[in-house]
Amino acid sequence: GAGWHILQFKYTLARGGIFGTGWGKSLWSNSYLPLSYSDSSFAALSEATGCIGALPVILGFVMLIFFSRQLANRKLTFNRKIFIISTTAMIVFQAFVHISVNVGLIPPTGVTLPLMSYGGSSVFSTMFAAGMILSASKEEHVFHSE
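Numbering (the numbering used here), first residue to last: 609 to 754.
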């Protein structure tokens, strides 16, 4: 067994190819891939949809960086800007680690793919962080009492 998980990731990605096997026709994800619904969700998605289906996931995280940068460029306080940038970096770094594990660049860690993997606590914490980013991006309205 040394490297068994990494081999399963590579076999799954190779079987997906460019266009994938199609939904419900994934052999490796349903049989050999460990935790295909959470820790290996990017590899399972890549087998079903291929490179064509995996690219929008990566582009989605790139767009998250872009839009968060746009939110941080508003006329906000320095603390709010840092909060928006750092919270976005946390989410994107988690996605980077998950995809890197599934591609075989780093050893398996058990990190889920934000907003894609099955699991209540991961989805809840990512959505909570996204809500805090949106809340921090609102401009302050100062009310003066007379």
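Yeah, the Cβ is synthetic: ideal placement off N, Cα and C, and Gly gets one too.
A quick note: this is a predicted structure, and the numbers were derived from the prediction, not measured.
Whole-angstrom C-beta distance between residue j and residue i, which should lie under 8 Å
{"i": "Lys683", "j": "Glu747", "result": "7 Å"}
{"i": "Ile614", "j": "Gly727", "result": "About 22 Å separates the two Cβ atoms, so there is no contact after all."}
Rounded straight-line distance, which links the Cα of residue j to that of residue i
{"i": "Leu679", "j": "Ile692", "result": "8 Å"}
{"i": "Ser676", "j": "Pro664", "result": "18 Å"}
{"i": "Thr685", "j": "Ala737", "result": "19 Å"}
{"i": "Ile714", "j": "Ala703", "result": "13 Å"}
{"i": "Ser644", "j": "Asn681", "result": "38 Å"}
Residue of the options minimising C-alpha distance to residue i
{"i": "Leu721", "options": "Ala651, Trp631, Phe627", "result": "Ala651"}
{"i": "Trp612", "options": "Gly632, Tyr640, Leu667", "result": "Tyr640"}
{"i": "Ile699", "options": "Pro715, Gly739, Gly624, Asn638", "result": "Gly739"}
{"i": "Ser654", "options": "Ser730, Lys618, Gly668", "result": "Lys618"}
{"i": "Phe701", "options": "Ile666, Ala662, Gly728", "result": "Ile666"}
{"i": "Pro716", "options": "Leu723, Gly630, Val705, Ala697", "result": "Val705"}
{"i": "Ser634", "options": "Gly658, Leu615, Asp647", "result": "Gly658"}
Residue i classed as buried or exposed, judged by whether at least 16 other C-beta atoms fall within 10 angstroms
{"i": "Ser741", "result": "Looking at the sequence provided, one finds Ile at residue 741 rather than Ser. That one is buried."}
{"i": "Phe669", "result": "buried"}
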